[in-house]
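> Taking the UniProt record's numbering, the leading residue of the sequence shown gets 1, the next gets one more, and so forth.
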Amino acid sequence: MAARNISHFWEWGRKIICVGRNYADHAKELKNAIPTEPVLFLKPPSAYVREGSPILVPLYSGNLHHEVELGVVIGKGGTAIPQAAAMEHVAGYALCLDMTARDVQDECKSKGLPWTLAKAFNTSCPVSEFIPKERIPDPANVRLWLKVNDQLRQSGCTSQMIFSIPYLISYISDFISLEEGDLILTGTPKGVSAVQEHDELQAGIEDVVTMSFRVDRHE
Ligand SMILES: O=C([O-])CC(=O)C(=O)O
Ligand SMILES: [Mg+2]
């Protein structure tokens with residue numbers, strides 16, 4: 001069998017671990033407290049969608065939001081990874097969207113229930129091509145942006161993250177072992193807003209990568 005290629009990590013069936021409220025300006029815009037520990041949730045591999053396929057609005061949501069995020073692709077698994085060694089476990093990056101059914105999330109929050117149907121539905125994790133580690137020498141200082149129908153909605157720098165990438169890798173791996181091919185979404189900066197059927201989303205990381213996705217309804 002041919003060796004698996006990390007540049008197709010989305011085909012591996014590995015887990016997607018998401019960090020929430022990792023930018024103070026986004027925590028504030030949704031009236032959430034600034035966290036003192038990372039907020040974590042999961043998406044299944046069935047959430048992946050690649051350019052050329054649409055983002056589908058879940059039938060049960062009337063308020064689907066975009067969240068542009070830097071994704072970290074794990075190259076070497078581990079448990080209880082020390083912060084000092086964390087970057088050795090990174091193979092590269094991907095630009096990601098954490099699509100969120102905000103109305104469903106609000107209801108889950110008010111009832112104290114998990115966010116699964118707000119965050120983990122099919123097509124809730126659009127991803128760019130794989131970006132080898134060398135192409136982002138300083139992941140703690142890159143600008144992420146997102147436009148809806150050519151209008152800029154999000155523009156933030158990863159220097160604004162509350163918890164750094166090495167801290168997140170170390171923290172997560174204390175509780176959930178990381179495996180080669182796993183993806184960590186590191187949280188969104190401010191500017192999240194609703195998208196509708198037929199909207200065109202475009203997002204990028206500086207001059208490193210851009211990607212485009214169309215929003216559609218289920219047939
Ligand atoms: O839904 C939220 O606001 C939490 C989250 O994913 C983020 O901050 O990126
Ligand atoms: Mg998010």
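The C-beta atom is built at its ideal place from N, Cα and C for all residues, glycine as well.
#1: Just mark residue 188 as buried or exposed, buried being the case when its beta carbon has 16 or more other beta carbons within 10 Å.
#2: Are residue 31 and residue 182 close, meaning C-beta to C-beta below 7 Å?
#3: Using the Cα positions of residue 161 and residue 172, report the straight-line distance between them to the nearest angstrom.
#4: The alpha helix (DSSP H) with residue 41 in it runs from where to where?
#5: Measuring only from the beta carbon, is residue 123 closer than 6 Å to any heavy atom that is part of ligand 2?
#6: Pick helix, strand or coil for residue 117, following the three-state DSSP scheme.
#7: Pop quiz: residue 201 and residue 66 are said to be a contact at Cβ under 8 Å. What is the actual Cβ separation, rounded to whole angstroms?
#8: If residue 94 sits next to residue 41, beta carbons under 8 Å apart, how far is it from one beta carbon to the other, in whole angstroms?
#9: Taking one C-beta from the region 75 to 91 and one from the region 53 to 63 each time, how about it: are there three or more such pairs within less than 8 Å?
#10: Under a Cβ-count criterion, where at least 16 other Cβ atoms within 10 Å of its own Cβ denotes burial, should residue 247 be classed as buried or exposed?
#11: Consult DSSP for residue 162 and reduce its assignment to one of helix, strand or coil.
#12: Can you list every residue whose CB sits closer than 7 Å to some heavy atom of ligand 3, going in chain order?
Taking the definition as stated:
#1: Its Cβ being crowded by 16 or more others within 10 Å, residue 188 is buried.
#2: Against a cut-off of 7 Å, the Cβ pair of residue 182 and residue 31 comes out as no contact.
#3: Their backbone Cα atoms lie some 16 Å apart in a straight line.
#4: It is not in any alpha helix (DSSP H) - residue 41 instead sits in the beta strand (DSSP E) that spans 39 to 43.
#5: Between ligand 2 and the CB of residue 123, the shortest heavy atom gap is not smaller than 6 Å.
#6: The answer is helix: DSSP assigns residue 117 an H, G or I state.
#7: Going by Cβ atoms, the distance from residue 201 to residue 66 rounds to 6 Å, so yes, they are a contact pair.
#8: About 18 Å separates the beta carbons of residue 94 and residue 41, which is beyond the 8 Å limit, so they are not a contact pair.
#9: Between the region 75 to 91 and the region 53 to 63 there are fewer than three C-beta pairs closer than 8 Å, too few to call the two in contact.
#10: This structure gives no information on residue 247, because the portion of the chain shown stretches from 1 to 219.
#11: Residue 162 carries a coil assignment under DSSP once its states are collapsed to helix, strand and coil.
#12: Only ligand 1 and ligand 2 can be found as ligands here, which leaves ligand 3 out of the picture.
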